[in-house]
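In my numbering, the protein residues as written are 1366 to 1466.
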Amino acid sequence: MSSIRLPADSFLAGALSALIFLPLLNYLLGHLGSWLTEQTGNDRWSIAPHPQLFTLLVAAIVFRLLVINYKREHTGRGWLMVTFLTAMAYAFWYYRFRHAG
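Here it is in C-alpha cells:
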C-alpha cells in the first residue's frame, strides 16, 4: 500500500501553496455567501468581513496542521507569512474603503 508523499519541507512551497489556496478559498466563500443570500434572503455571510475572516480561520488551522501534525516547520512558516500579509492587506483595504469620506 502506498502512502501519500508530501513535498520537501520548504518555505517557498508553503508560500506558494498559501498564495494559491487563500484567494481560491476566499473566492469560493464569496460565491457560497452569494448563493446563501439568494436562497435565504439573509446577507450575513456575503458581506465583508465574514468570508475573509473565515478564510483566515482556515489558514490558521492549516498552519497548525502543517507545523504540529506533519512536522513541516518551514512550509508552515511560508504559509504563516502569506497569511499574515493577507490579513494586513485586508485590514488596510477594509479600513480604507469602509472609512473613506
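All C-beta atoms, glycine included, are put in the ideal place defined by N, C-alpha and C. None of the values given here were measured: they were computed from a predicted structure.
Residue j beta carbon less than 8 Å from that of residue i
{"i": "residue 1437", "j": "residue 1431", "result": "yes"}
{"i": "residue 1452", "j": "residue 1422", "result": "no"}
{"i": "residue 1465", "j": "residue 1424", "result": "no"}
{"i": "residue 1416", "j": "residue 1394", "result": "yes"}
{"i": "residue 1463", "j": "residue 1376", "result": "no"}
Whole-angstrom distance between residue j and residue i, CA atom to CA atom
{"i": "residue 1396", "j": "residue 1418", "result": "15 Å"}
{"i": "residue 1379", "j": "residue 1456", "result": "22 Å"}
{"i": "residue 1426", "j": "residue 1448", "result": "11 Å"}
{"i": "residue 1461", "j": "residue 1454", "result": "10 Å"}
{"i": "residue 1553", "j": "residue 1435", "result": "The question about residue 1553 has no answer, for the chain in this structure spans 1366 to 1466."}
{"i": "residue 1386", "j": "residue 1410", "result": "20 Å"}
{"i": "residue 1405", "j": "residue 1398", "result": "10 Å"}
7 Å Cβ shell around residue i - same chain, five flanking residues per side excluded
{"i": "residue 1459", "result": "1413 and 1414"}
Three-state secondary structure assigned by DSSP to residue i
{"i": "residue 1439", "result": "helix"}
{"i": "residue 1339", "result": "Nothing can be reported for residue 1339, as the shown portion of the chain is limited to 1366 through 1466."}
{"i": "residue 1452", "result": "helix"}
Cβ neighbours of residue i in the same chain (closer than 6 Å, five flanking residues each side left out)
{"i": "residue 1440", "result": "1374, 1378, 1379 and 1431"}
Interface flag, residue i vs chain D, CB-CB below 8 Å
{"i": "residue 1463", "result": "Here there is only one protein chain, and chain D is not present."}
Unbroken stretches of the alpha helix (DSSP H), 4 residues or longer, contained in the region 1393-1440
1415-1429
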